[in-house]
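For what it's worth, the working numbering labels the leading residue of the sequence shown as 10, then goes sequentially. A short worksheet on the structure shown next.
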Amino acid sequence: MGDYQLQVTIDQDSGFCFGVVYAIDMAEEILAEDGYLYCLGDIVHNDEEVDRLKALGLRIIEHADLVGLHDEKVLIRAHGEAPETYKIALENNITLIDASCPVVLKLQNRIKTSYDNNEKILIFGKHGHAEVVGLEGQTNGNALVFQDISELDNADLPANFTLYSQTTKSMEKFYHVKDELLSRGYEVKANDTICRQVSNRDKDLPAFVANFDKIVFVSGKKSSNGKVLYEVCRKHNPNTYFISSVSELDKNMFAAGDKVGIAGATSSPMWLMQMVKAELERY
10 MGDYQLQVTI DQDSGFCFGV VYAIDMAEEI LAEDGYLYCL GDIVHNDEEV
60 DRLKALGLRI IEHADLVGLH DEKVLIRAHG EAPETYKIAL ENNITLIDAS
110 CPVVLKLQNR IKTSYDNNEK ILIFGKHGHA EVVGLEGQTN GNALVFQDIS
160 ELDNADLPAN FTLYSQTTKS MEKFYHVKDE LLSRGYEVKA NDTICRQVSN
210 RDKDLPAFVA NFDKIVFVSG KKSSNGKVLY EVCRKHNPNT YFISSVSELD
260 KNMFAAGDKV GIAGATSSPM WLMQMVKAEL ERY
């Protein structure tokens with residue numbers, strides 16, 4: 010242990026959700042057999058984990074690349090895909106390894122059913138996020154996506170509509186959005202479609218972070234879930250630092266004898282948090 014004698018504890022509830030574990034397990038199995046595998050977009054919003062899998066042969070492609078690809082295997086990550094992706098795969102004789110999260114698939118089906126029933130659909134989610142693009146695809150792009158209630162201030166909304174949410178959004182913010190829309194006089198059929206593995210982290214993290222002098226929150230910068238959970242940590246422990254890799258740690262963040270807690274997003278690998286712990290213990 011180093012001069013600072015930091016007492017470091019990892020939140021054992023942090024780390025990959027089951028949807029991400031499922032996708033990565035499928036990828037590793039095929040990589041071990043075939044030596045390479047195409048993946049449509051980053052398999053997880055964590056650059057460190059993506060780099061690890063690239064070293065094993067994972068080849069990240071974008072939707073534009075899919076059109077020119079034929080007779081290959083392509084992994085669909087946990088975020089899910091729009092119907093158009095399946096159509097292209099069929100035309101190009103592409104074998105899809107579908108690792109879509111079951112929670113996301115259920116949400117896609119619910120949105121498609123609503124759309125087929127001619128309901129007007131609003132989706133509370135991040136513009137351009139992979140999951141949200143897949144959800145929009147269930148409505149042929151006719152759903153209205155917004156990531157902040159202020160975007161609806163001047164929107165021409167129907168008198169009644171159905172509200173859904175990206176699975177990794179904050180539950181607190183979702184219900185705030187619902188109440189605000191009701192207060193504006195709209196008839197809202199609200200569907201709480203937030204993943205409980207994510208929302209339960211919202212509840213568990215405050216108790217964890219209260220036990221420490223400092224919190225190191227480990228997450229990829231592109232992770233929507235990471236942004237939500239980081240804010241939960243910071244709200245309950247202002248001495249919270251956001252890092253994406255060990256190289257972003259700075260000894261000046263800490264004082265001798267600090268109790269330090271490490272937490273992460275549902276897209277943060279446990280091996281990376283363990284590396285952070287080992288580095289802190291060297292201080």
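Ideal placement from N, C-alpha and C gives every residue a C-beta, glycine not left out.
What separation, rounded to the nearest whole angstrom, lies between the Cα atoms of residue i and residue j?
i: M35; j: C110; result: 12 Å
i: A272; j: E145; result: 32 Å
i: L88; j: I33; result: Going by the sequence as given, residue 88 is His instead of Leu. Each residue's alpha carbon lies about 13 Å from the other.
i: L258; j: K286; result: 11 Å
i: L78; j: A164; result: 40 Å
i: P247; j: A264; result: 15 Å
i: Y47; j: V142; result: 20 Å
i: L4; j: L65; result: Any answer about residue 4 is impossible in this case: the structure gives the chain only from 10 up to 292.
i: I39; j: L62; result: 12 Å
i: K212; j: V241; result: 9 Å
i: F133; j: R291; result: 43 Å
i: S192; j: A199; result: 14 Å
i: L172; j: L15; result: 46 Å
i: D60; j: G11; result: 30 Å
i: H72; j: Y45; result: 18 Å
i: N293; j: L153; result: Because residue 293 is not part of the residues shown, which for the chain are 10 to 292, the question remains open.
i: N126; j: T148; result: 11 Å
i: A41; j: Y31; result: 16 Å
Quick one: residues in its chain with C-beta nearer than 8 Å to the C-beta of residue i, no 5 flanking neighbours on either side, listed in chain order?
i: L75; result: L49, V83, T94, I97, A98, N101 and I103
i: T176; result: C110, V112, V113, L116, E140, T202, I203, C204 and V207
i: E37; result: L62 and L65
i: Y13; result: K260, F263, A264, A265, G266, D267 and Y292
i: H185; result: I158
Could you pull out every residue in the same chain whose Cβ sits closer than 7 Å to the Cβ of residue i, ignoring the five residues on either side in sequence?
i: P167; result: K129
i: D157; result: none
i: L161; result: F155
i: G270; result: T18, D20, F217, V218, N220, F221 and I224
i: V255; result: M284, V285 and E288
i: E196; result: A168 and N169
i: D51; result: V59 and I69
With distances taken from CA atoms, which of the options is nearest residue i?
i: Q21; options: E288, D51, E290 and A274; result: A274
i: F170; options: L238, S123 and A287; result: S123
i: N55; options: F221, G66 and V227; result: V227
i: R68; options: D43, P92 and E90; result: D43
i: N151; options: S174, H138, N163 and K121; result: K121
i: V29; options: E58, L46, K187 and Y173; result: E58
i: K182; options: G143, A164, K135 and N163; result: K135
i: S159; options: H138, V197, K187 and N149; result: K187
i: F251; options: K260, E290, R119 and G235; result: G235
i: A91; options: H138, A64 and N126; result: H138
i: N261; options: L289, E81 and Q283; result: L289
i: K268; options: T249, A199, L191 and R210; result: T249
i: H245; options: L214, D51 and Y173; result: L214
i: R210; options: D125, Y239 and H185; result: Y239
i: L190; options: L131, E71, G266 and A41; result: L131
For residue i and chain B, any beta-carbon pair shorter than 7 Å?
i: E58; result: Among the chains of the structure shown, chain B does not appear; only one protein chain is present.
Once you ignore the five residues that flank residue i on each side, which residues in its own chain have a CB closer than 6 Å to its CB?
i: D107; result: I85
i: K230; result: S253
i: D301; result: Only positions 10 to 292 of the chain appear in the structure, and residue 301 is not among them; the question remains open.
i: S232; result: H54, A274 and S276
i: S179; result: V237
i: S174; result: F133, F183, T202 and I203
i: R243; result: T249
Review point. At a cut of 8 Å, does the segment 279 to 292 reach the segment 18 to 38 through at least three beta carbon pairs?
Key: They touch, by the three-pair rule.
Practice item. Identify every run of the beta strand (DSSP E) within the segment 16 to 41, keeping only runs that are complete inside it and at least 3 residues long; order them along the chain. Key: Counting whole runs of 3 or more residues, the segment 16 to 41 contains the beta strand (DSSP E) stretches 16 to 19.
Check your understanding: Which full runs of the alpha helix (DSSP H) of 4+ residues lie inside the segment 62 to 125, going along the chain?
Key -> Qualifying alpha helix (DSSP H) stretches, in chain order: 72 to 75, 92 to 100 and 111 to 125.
Review point. Could you give the uninterrupted runs of the beta strand (DSSP E) lying entirely in the segment 183 to 221, keeping only those of 3 residues or more?
Key: 196 to 199, all fully within the segment 183 to 221.
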